[in-house]
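Participant: Just so it is clear: in the sequence shown, position 200 is 213 by this note's numbering, and no numbers are missing. Glycine included, each C-beta is placed from N, C-alpha and C at the ideal position.
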Amino acid sequence: MLAFVFDRIVAIFAFYKFNNMQKKKHSNIPIFVPELACPHRCVFCDQKKISGSLTIPDPDKISEMIETYVNTMQDGRKIEIAFFGGNFTGIPFELQKEYLSLAYKFVQNKTVAGIRISTRPDYIDNERLDLLKNFGVTTIELGAQSTNESVLLKSGRGHTVKDTENASKLILENEFELGLQMMLGLPGDSFESSYKTAIDIIKLGATSTRIYPTLVIKGTMLEQFYNAGKFIPLTVEETVQWAKEIVKLFEQHEVRILRIGLHPSKEFEDGKSLIAGPYHQSLTELVMTEIWNDILLSHLQLIEKSSATIRINPSQLNFGIGYKAKNKINFSGKGITINFIADYSLPKYKIDVSYN
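1) Apply the 10 Å Cβ neighbour rule to M86 and answer buried if 16 or more other Cβ atoms are within range, or exposed otherwise.
2) When DSSP builds the beta bridges, which residues end up paired with F97?
3) Assign Q294 to one of three DSSP states: helix, strand, or coil.
4) Please identify the residue among L145, S320, S358 and K339 whose C-alpha is closest to the C-alpha of I349.
5) Do you know whose CA, among F332, E303, T302 and Y368, lies nearest L313's CA?
6) Are the beta-carbon atoms belonging to P200 and V164 less than 8 Å from one another?
7) Please state the DSSP three-state secondary structure of E186.
8) Rank I79, V125, T177 and T152 by C-alpha distance to the C-alpha of R133 and give the top, closest one.
9) Sort out for me which residues DSSP pairs R141 with in a bridge.
10) On a CA-only basis, which of Y357, L309, V56 and L193 is nearest A157? Give me that one, please.
11) Output the boundary residues of the alpha helix (DSSP H) element that contains D73.
12) Give me the Cα-Cα distance between P327 and N352, rounded to the nearest whole angstrom.
13) Rounded to whole angstroms, what's the CA-CA distance from S207 to M196? Just pull it up for me.
14) Examine the Cβ distances between the region 227 to 235 and the region 254 to 262 and report whether three or more of them are shorter than 8 Å.
15) Is the CB-CB distance between V268 and S221 below 8 Å?
16) Do T252 and K209 have their beta-carbon atoms positioned less than 8 Å apart in this structure?
17) When the distance is taken between beta carbons, is I273 closer than 8 Å to I364?
18) Please name the residue, chosen from L145, L108, V46 and V300, that lies closest to Y336 on a Cα-to-Cα basis.
19) What residue does the beta strand (DSSP E) around Y357 start on, and which one ends it?
20) How close, in whole Å, do the beta carbons of T227 and F57 come, if the pair is a contact with beta carbons under 8 Å?
21) DSSP has R223 in a bridge; who is on the other side?
Structure (structure tokens):
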């Protein structure tokens, strides 16, 4: 027990020390624009329960919100103002301008590095992109969710794969950074189609992505499908296994993974809104624990030693030890005691192993 506590203390210390060394670590100031201009109600969607609010942001409050966030952030971080939720480029142009002009003041005075927005693939054109460019938007995230036509249709997305392809091309031609979001376990989805979506995200030129699980939320069409036996959500374990392979693919192609899983929400925590599905507050840690279990196995499975010291990049130390020390405990069960040491010289997924 004492060894476990010591490992966690070492991991926490290394993590914070590592973060303090990253002078350009990224942070977003989130401003949610939930369902303000969505032309479709996707079968899985209830923005109030996902984002915790359906309130349209008051333009007069936006500057105050941004200043409050900035004052809580560490020096040296790359900060972006992020308009999330709904369909930002679908709201009326004048309201877009009002929101963006308020945010742009913080770009002009160099308080923040830029602005990012999320929107639908079928609400991108040159006119909209010109507006975004004029107000300092640097990154556009598209809710692609899938590049399988059947999955999009069954999910009620209301756009096609071609819409995603065309929008991605326009965004890159206009010199924005492209992010593409995907979902796992949508109606009609399979591991193969989700993996193909990840491949397509890479081919389309995205430099970042978000990976979300499909949840059955109260009051959605998906709840009706679920109750009728027409939809079976993934389990947490299935989601972790799917995401593990997809994360490895993205990492191989240097696509930055901004998030795995939904933000913690009291709407889900109280058990009243979530009907079924793979919701877990620590989904990222679960996925990374499995990835690191594979890495450790590849180094340790052939040895007959009883003890090993593993040097690991500090950003990965918690994941190497595992969620609730899962990896350390698993190897202990195989008769191998592992001691982890943070080593800043090692690349992200490389380890140095010595045997005692």
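Facilitator: Looking at the coordinates:
1) It counts as exposed.
2) Beta-bridge pairing links F97 to F45.
3) Correct three-state label for Q294: coil.
4) With distances taken between Cα atoms, I349 lies closest to S320.
5) For the set F332, E303, T302 and Y368, the Cα lying nearest the Cα of L313 is the one of Y368.
6) Yes.
7) Three-state result, E186: helix.
8) Comparing Cα-Cα distances from R133 to each of I79, V125, T177 and T152, the minimum goes to T177.
9) None, per the DSSP bridge assignment.
10) For the residues Y357, L309, V56 and L193, the minimum Cα distance to A157 belongs to L193.
11) First-last of the alpha helix (DSSP H) with D73: P72 to T85.
12) If you take the alpha carbons of P327 and N352, they lie about 14 Å apart.
13) Cα-Cα distance, rounded: 8 Å.
14) Cβ pair count under 8 Å is below three, so no.
15) The criterion of a C-beta distance shorter than 8 Å is satisfied by V268 and S221.
16) For K209 and T252, no; Cβs fall outside 8 Å.
17) The answer is no: Cβ separation not under 8 Å.
18) Nearest Cα to Y336 within the set L145, L108, V46 and V300: V300.
19) Annotation for Y357: no beta strand (DSSP E) segment contains it, and DSSP assigns it neither H nor E.
20) 6 Å between Cβ atoms; contact.
21) Secondary-structure assignment with DSSP links R223 through a beta bridge to Q194 and R272.
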